[in-house]
Structure formats: structure tokens, C-alpha cells
Amino acid sequence: DLFVNVFSDFESVLLTGHTFIHGPRGSGKSMMFRFMNPDCQRLKFNKDIKDLDYFAITIPIKNGLFNLRDLDLLNNNHGEYLLTEHFMIIRFSNFIIQSIIELDIDENEENLQSCLEFVNKDLKRIFSLSGYDSDIYTDKRICKEILEYVLRLFEDLNSDFSRKVLLKLDNRNGIIDYNGQICVFEDFLYPLLKALQKLAFMPKSPIYLLIDDADNLNLAQTKILNTWVSYRTTKVVSLKISTQMNYKTYKTTNNQLITTPHDYSEVNLADLYTTKKSRYKPRLEEVIKKRLNKFGYNTQDTQDFFPADKEQATGLEIITNSLKEQYLKENANVEDVERKAYDYAYRYSSAIYMKNLKNRYTYSYSGFENLVNISSGVMRHFIDFSASMFNRQITDYPSESIKYLKPGIQDAIIKEYSNSYYDTNFSKYEDDCENNNVQLEKIEKLRNLINALGQIFHLILLSEYAERRVFSFALQNKPNSELKEVLELGVEHGYFHKSLISNKMGTGKTSLYTLNRIFAPFFKLDPSGFTGYKFITCESLCLAMYNPTTFVNNFKMKGEKWLDPEDKHVQLPLI
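So that you can map any letter, position 498 of the sequence shown is 498 in full-length UniProt numbering, and since no number is skipped, the others follow by simple counting.
Take a look at the structure:
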């Protein structure tokens, strides 16, 4: 009931073929996968299992079943790729069989006979070809029990691998004597999936393996997965692979690159929902309305449930009207003057309002438009902080029924959320890197960089510069490896969104990084969509990584020209 169909934005995810789905945490990847699973598909489309357009099975990588530290000891030793692929296929097969066991299978004769044939004929042959030397046979009369027998076979394989390989990996200089079964994709997993398609209750459509959080695979596992992507198997199995912007490589085990569109299609949720507000906002409105209506709040307009601060709205309106009148008076003969007057007023009104405040912390971030912008294209942000607002209002006003969320509560919660996103998240990452000094240094450099950028963006907002709403920076020159790694870390954690723009010479492209607008309350910035960007030299950014105070002081003393001596303000379009 709560799912909002986003697949019109991401059609390739549902089509037959391998697909990579990239997006920061909270952007909806796992929700998409959950909706694609057969139980949800049956409810949504009122279909039997065998009539589904595809049969999806989620393979979660984050649960620790794939990223065993012991596997790292295989690095360039002991037939690394062969043993790692065997390990992955055992794990994948376990999830596949478990997902079929969880189906509501009719216990009829047709289904029973197809299950028996699957085990006693197909599975027996597949196991035999992989070197399994024990007999495989069952005469059970219940489908679920037959499939549970298969699941135990894979559990035994896993135990055998752990005993014969993983427990011996500390012997790095020796040779592991392993003469057990070896499972590889083409000879085991692929024929296993083909055999499962023949089960009487299964659809004859492709099987989709939904591999969630694939950037948690190690390098060898990633290359193996890419090798599977390179195979022409999509009529039987399509791999739908989600990442959090940190996929380790697109090379196969033979160091060949897989490419799009030849081998796979690609979807970037951050690109669409960060740059296309026209798509993100309606989707978010659907989500909010569904959740409110489910609990008896029949809200037709989300603006009414998340009202802006009235006093601030009035003050902004006065400034906006004054700026429009000024522009119209000074530019009466300009073509399309009404639209340009509106853009001019919209661009400067909040900056002027914030500059005139005696205490800038009193600037209110309440109101649906502000909250949409602050959520930065990540629905989970909006859901999380709006739930906190709801709970705070229940606590503070227990005797009042909730007709809308009070602007003061909205503002207080979103500021707390923004502060926590900066402080708590960085502290958490630092704790996670406690024994990794290199990673800890990267986190500290990223924190310094964001702190420095947030401060100068605030200074620009309160300045007299032509473009004051700055949330992005473009690289004026090529970054060194140190800066590149820190910027990539920022993208991976969702602190930056990366895109491409034309370089200043007009001869190619350069990287544009947009600061996550969740930081707007923390740095006292205007989160609205009309914004500019600054070209900044990589030398200046490196200074910010090491000494944010000096970076900010240089900007205060020398102004925007210091960031890039050749810079001219650039304005992004209204989105």
C-alpha cells in the first residue's frame, strides 16, 4: 500500500538484461528490489506465481555472508578466483532455494512430480558435473520438504568449503589440498536456474537476481560478478546489481572491461532525483500522501501539512515584490521582462532576508518546499526527519490532534537532523576506521573540505556578489590522487553529488560537485533549487582539506577571485 511506482523513471530495471542501479543510501534501491519480489508482484498484479513477468530473488550482500575476511587471504594465492566463485555460488544458491521454499506452493501432484524430477534428475546431473561424489535422491511427498532437502545439500557444501578451505587459509605459504566440489557459473548456477524454471509452479519468464549493495563485495568477487555480466544469459537470468557509488571495478577475471550498453544498462538514482526536481517532488508527494492516508490523515495538499513559517513567508514576499518592482522599473524595455524580474527577485530575496536577520539561526527551514530541497533527492531523509517531527509534536502537544506539523517543530527537527548528519555521521565513520589510519585520514580531510566549503558558501550567500546561492563547485584543473580519493569518498557517502559540465575553455568536460543540501541548516545556507557554482582550483581544495581555517580566511581577505583567479560567476538553471 505504501509503495510508489518509480519504475516509469527507471524502465530498464524491469526489462530483461543486466542492469547496474547506483544511488546513495536511502535513495530507494532496496525498496525497488523488495517490490520486485514475487510476493509483492502477486499482490500488486493479482497473478499466480507462474504468470509473473519475471521471478526476482534478492541476494543481500551487506549481511556479512559474502565479505568474510578469510577470503582476503586467497589474494593471488590458492586458485583465488576459482575458490571464490565456488564460495559465491554456494551462497547464491542458498538464497535462491530459500526464496522458493518461502513461496506458497500448492501441494498437488503436478508440482510434486516436477520437484522430484528437479532433484533426482536435473540437480543430480548438475552436482555430478561439478565433482560431487555422493548420491542425490529423495522420495519425499511434499514439495516444501523436497526443497528443504536441496537447501541442506547447499548447507553441507558450505560447511565442507569452510572446513577444507577457510580454516586452512592462515597457512599462506603452503598449498591447500582441496579435492572437493567446484561450482562455477556456466556449469552450475546457470543450469541450476534453467532447471528451476522448469518447475511446474514457476514462471517460464527470466529469473532476476537482485544483488543488493554489491560494492560490499571484495575485488575478486566483484571481478567474478562482472564476468557473469559478460555472459549472454539474460533469457534465463538477468543480474540487477545495486551499488552505493563505490563499485570497485568493471573488469572481469581476465581484466577485460564490461561496457554499457553492450553488456549492461545503467541507472543512477542520484542523477535523476538530484537534478530533476520535477520528477522527485511528485514522487515524494505520493509517498507522503500514502503514508498519511494510511493512518487516517486525509491530506490532499502536502503544503498544508508542512506549512512554512508565516512571519518569514510574509517578510520574503515583501522583499520579493520590492525586487520585482525594482527590476521592472530599471529594465522596462527588456524582452521577457516579467519572467526575468521573477527570476531576479527569486534569486536574491532569501539572501537579503537572511542577511537582515539579527540572529541568522532564527531563519526557518520549515515548509514543504524547503524540506523537499533539503532532502536532496533521498526519500529516506524526508521520511526520517518528518517522522521525528510528527513524534515531537505528539510529545509536546499530547492533547492536540495533528492537522499539520507546526513550523517551529519542523524547523527545530530539521536543524537537529542536519547537525547530526554532519557530527554523528563523521564520528561514526571515524570509529569504523579506528584501526585504519589511511582511511581515518581521508575521513578527516573530507570533513575539513566540507566544513571549509560550507563556510564560504555561507559567506557568498551574505555577500554582494552577483550569484549568491552557491551549493556547487567545479574543478578548474586536474585533481591529484589525494584530492580525487577524498572527493570519491564524499560521493560514496552521499555528501556530494557528482556530475559533468563544460570546462571553462569549452574544449571538454570537468567534474561538478554539489554539496548535499541536508547541510543547509548546519551551514545556514539557502537550500532552494536556484543556485550557482564556482570554479575552484585543486590547489585551493587541497588547502581546505588540510587547513579549512586558512582556506576560509583567505577567502575573507581576497574574495571569490582567490578561489580561481580566472573565475566568473556561473549560474545554474532553475530546476
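All C-beta atoms in this analysis are idealised placements derived from N, C-alpha and C, irrespective of residue type, glycine included. Computed from a predicted model, the values in this text were never measured in an experiment.
Query                                                                                                                                                                  : Result
Starting from L52, trace the beta strand (DSSP E) in both directions and tell me its first and last residue.                                                           : L52 -> no beta strand (DSSP E), and no H or E assigned at all.
Shortest alpha-carbon distance to P479 belongs to which of L512, R469, G494?                                                                                           : L512
Can you give me the Cβ contacts of M389 inside the same chain, cut-off strictly under 6 Å, excluding the 5 residues immediately before and after it?                   : L405, I409, Q410, I413
Run through DSSP, which three-state label would S27 get?                                                                                                               : coil
Take M354 and list the residues in its own chain whose beta-carbon comes closer than 8 Å to its own, dropping the five residues that flank it on each side.            : R360, Y363, L461, L462, K524, D526
On the premise that S238 lies in contact with T16, defined as a C-beta separation below 8 Å, what is that separation, rounded to the nearest angstrom?                 : 6 Å
Starting from L483, trace the alpha helix (DSSP H) in both directions and tell me its first and last residue.                                                          : 481-492
Compute the Euclidean distance between the alpha carbons of S114 and I136, then round it to the nearest angstrom.                                                      : 16 Å
Is it true that the region 36-44 meets the region 183-191, where meeting means three or more beta-carbon pairs spaced less than 8 Å apart?                             : no
Select from E560, A270, T234 the residue whose C-alpha is nearest the C-alpha of residue 631.                                                                          : Since the displayed the chain opens at 1 and closes at 575, residue 631 lies outside it and no answer follows.
So, helix, strand or coil for F306, using DSSP?                                                                                                                        : coil
With distances taken between CB atoms, is the gap from K50 to P206 smaller than 7 Å?                                                                                   : no
Hey, quick one: how far does the alpha helix (DSSP H) through G408 stretch, first residue to last?                                                                     : 407-432
Spatial neighbours of L129 within its chain, please: C-beta separation below 7 Å, excluding the five flanking residues on both sides.                                  : D187
Can you round the beta-carbon distance between L459 and F522 to whole angstroms, since I take them to be within the 8 Å contact cut?                                   : Contact flag wrong, Cβ pair sits at about 15 Å.
Between the C-alpha atoms of H22 and E85, what's the straight-line distance to the nearest angstrom?                                                                   : 24 Å
Who are the Cβ neighbours of K442 in its own chain at under 7 Å, not counting the five residues just before and after it?                                              : E485, V486, L489
How would you label A387, buried or exposed, when you count the other beta carbons within 10 angstroms and need 16 or more for buried?                                 : exposed
For N268, which three-state DSSP category applies?                                                                                                                     : strand
From P407, E80, V236, A214, pick the residue whose C-alpha is nearest to that of K198; which is it?                                                                    : V236
The beta strand (DSSP E) with T550 in it runs from where to where?                                                                                                     : It is not in any beta strand (DSSP E) - T550 instead sits in the alpha helix (DSSP H) that spans 548-558.
State yes or no: is the C-beta of G559 within less than 7 Å of the C-beta of F519?                                                                                     : no
Is it buried or exposed, F20, if we count other Cβ atoms within 10 angstroms and call 16 or more buried?                                                               : buried
Per DSSP, which one or two residues make a beta bridge with V470?                                                                                                      : G532
For S238, list the residues DSSP reports as bridge partners.                                                                                                           : Y208
Quick test of your reading: Y54 and I224, contact by CB under 8 Å. State the CB separation rounded to the nearest angstrom.                                            : That belief does not hold up - the Cβ atoms of Y54 and I224 are roughly 23 Å apart, past 8 Å.
Just the Cα atoms here: how many angstroms apart are N246 and R469?                                                                                                    : 30 Å
By Cβ distance below 8 Å, which residues in the same chain neighbour K324 in space, the five residues on each side in sequence not counted?                            : A341, Y342, Y344, A345
Expressed to the nearest angstrom, what Euclidean distance is found between the alpha-carbon atoms of F33 and V267?                                                    : 14 Å
Taking 7 Å as the CB-CB cut-off, is L512 touching chain B?                                                                                                             : Absent here is chain B; the protein component of the structure consists of one chain.
In chain order, what residues of the same chain lie with their CB nearer than 6 Å to the CB of V184, ignoring the 5 residues before and after it?                      : E85
When we look at the beta-carbon of L572 and count the other beta-carbons within 10 Å, is it buried (16 or more) or exposed?                                            : Note that L572 has pLDDT 44, beneath the 50 cutoff, so the model's placement of it is unreliable and no number is given.
Suppose the cutoff is 8 Å on Cβ atoms and the five residues either side in sequence are ignored; what does the same chain contact list for L196 look like?             : I96, I100, F118, M202, I207
Evaluate A466 with the Cβ neighbour count: other Cβ atoms within 10 Å of its Cβ, from every protein chain shown; 16 or more gives buried, anything less gives exposed. : exposed
CA-CA distance, I89 and C143?                                                                                                                                          : 23 Å
Contact defined as beta carbons within less than 8 Å: I believe A200 pairs with N111. What is the distance between those atoms, to the nearest angstrom?               : 5 Å
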